[in-house]
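What follows is one structure encoded as structure tokens, with my remarks underneath.
In the UniProt record's numbering, the protein residues as written are 1 to 326.
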């Protein structure tokens with residue numbers, strides 16, 4: 001049996017994993033998964049203790065997206081029977097913040113489908129954010145698609161703390177997932193947010209027929225982008241999408257991916273995101289040994305675990321909810 005603690009020791013000394021070590025993490029024998037988790041936990045504990053950050057999403061605009069992302073039920077090419085609606089009004093978005101506060105979420109994520117926000121949509125979001133920041137002690141994250149520099153500036157001035165735009169997959173695999181925008185378009189949006197003084201949030205979707213090397217490249221790309229928050233989604237293939245029927249994941253592999261992301265991005269918020277419930281299944285609690293953040297409530301077009309069960313899971317682990325919003 002390998003002594004996996006050497007990875008934690010190496011990372012805590014500020015050294016990076018070699019290519020071979022990264023592959024070793026993803027191919028860890030299942031019977032050694034607890035030792036691997038323990039090693040990743042040493043890194044997580046060093047930077048975050050036993051605190052867990054909670055995030056909640058509100059899907060403010062559903063469907064009607066002109067992009068052709070193969071994983072997405074809101075894509076132009078999807079026939080998934082989802083609820084479709086135009087941009088919510090300001091009052092509804094503010095009401096969502098009340099629910100996020102009730103769920104003890106430190107971050108409220110305002111998400112809208114589409115290639116990028118219209119002026120009207122941006123004005124609704126910024127107006128809502130100003131009210132939310134007056135009334136609630138929480139971070140506000142926006143996820144509105146591709147951004148122009150002036151739009152990023154407008155969001156910053158309104159009080160948006162964080163902007164999410166996922167790279168989703170590796171640069172090499174990108175065109176197998178979508179062709180209606182480029183990998184560079186996504187990276188550019190993250191950089192626009194950073195240049196406006198907004199904390200960058202960018203993550204991935206694992207399980208989209210990528211190779212192990214792609215997963216490693218995703219983790220390294222996010223390190224290069226210096227993303228502060230990294231949501232790790234596990235594909236929940238929806239009928240009617242281009243990736244319908246894809247089922248490549250199992251709980252132990254998902255845990256290995258989370259460990260890899262912790263080792264490569266040791267100081268960053270690693271968030272277990274979409275697909276947590278269907279892919280980690282009964283092993284969900286173990287995911288919080290490498291990761292330090294989860295979503296509570298529902299996702300964009302799929303249901304999440306009931307909020308009180310997440311709170312109980314955190315309590316049962318002996319962990320505590322991180323209320324720090326700065």
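Think of the CB as a built atom: it goes at the ideal place given N, C-alpha and C, for glycine as much as any other residue.
| Query | Result |
| --- | --- |
| Could you tell me how far apart the beta carbons of residue 234 and residue 249 are, in whole angstroms, since I believe they sit closer than 8 Å? | 6 Å |
| Does the region 43-59 come close enough to the region 306-321 that 3 or more CB-CB pairs lie under 8 Å? | yes |
| Residue ranges of each beta strand (DSSP E) run of no fewer than 3 residues wholly in the region 174-235, ordered along the chain? | 199-201, 204-206, 229-234 |
| Could you compute how far the alpha carbon of residue 111 sits from the alpha carbon of residue 62? | 9 Å |
| Find out if the Cβ-Cβ distance for the pair residue 252, residue 208 is shorter than 8 Å. | no |
| Return the CA-CA distance between residue 18 and residue 10, expressed in angstroms with no decimal places. | 11 Å |
| Measure from the alpha carbon of residue 197 to the alpha carbon of each residue in 90, 123, 157, then state which is nearest. | 157 |
| For residue 323, which residues from the same chain have a beta carbon less than 8 Å from its beta carbon, with the 5 sequence-adjacent residues on both sides left out? | 104, 106 |
| Which runs of the alpha helix (DSSP H), 4 residues or longer, sit entirely within the region 1-45? | 5-12, 19-26 |
| Report the rounded CA-to-CA distance for residue 76 versus residue 241, giving the unit in angstroms. | 10 Å |
| Measuring alpha carbon to alpha carbon, tell me which residue in 46, 206, 3, 60 is nearest residue 33. | 3 |
| Taking its Cβ as the centre, do 16 or more other Cβ atoms sit within 10 Å of residue 91, making it buried, or is it exposed? | exposed |
| To test your reading of the DSSP string, which unbroken beta strand (DSSP E) runs of 3 or more residues are found completely within the region 108-181? | 139-143, 162-164 |
| Residue 278 and residue 225 - do their beta-carbons sit closer together than 8 Å? | no |
| Nearest to residue 40 by alpha carbon, out of 12, 127, 81, 27? | 12 |
| Identify every residue that forms a DSSP beta bridge with residue 51. | 320 |
| Check for me: the beta strand (DSSP E) holding residue 269 runs from which residue to which? | 269-272 |
| By the three-class DSSP mapping on this structure, what secondary structure does residue 301 have? | Unreliable placement is indicated for residue 301, whose pLDDT of 47 sits below 50; no coordinate value is reported for it. |
| Mind reading off the beta-carbon distance from residue 160 to residue 190? Whole number of angstroms is fine, and I expect it under 8 Å. | Residue 160 to residue 190, Cβ: 14 Å. No contact. |
| If you run the structure through DSSP and keep just helix, strand and coil, what is residue 84? | coil |
| If residue 115 sits next to residue 145, beta carbons under 8 Å apart, how far is it from one beta carbon to the other, in whole angstroms? | 5 Å |
| If you follow the beta strand (DSSP E) that residue 295 is in, where does it begin and where does it stop? | 293-296 |
| Beta-carbon separation of residue 25 and residue 260 under 8 Å? | yes |
| Per DSSP, residue 62 forms a beta bridge with which residues? | 85 |
| Between residue 222 and residue 202, which are expected to be in contact by the criterion C-beta below 8 Å, what is the C-beta distance as a whole number of angstroms? | 6 Å |
| How about residue 163 and residue 174: are their beta carbons less than 8 Å apart? | no |
| Can you tell me whether residue 64 is buried or exposed, with buried defined as 16 or more other CB within 10 angstroms of its CB? | exposed |
| Taking 8 Å as the limit between beta carbons, can you name the residues of its chain near residue 14, skipping five residues before and five after? | none |
| Under a three-way DSSP split, which group does residue 93 fall into? | helix |
| Excluding the five sequence neighbours on either side, which residues of its own chain have a C-beta within less than 7 Å of the C-beta of residue 153, listed in chain order? | 196 |
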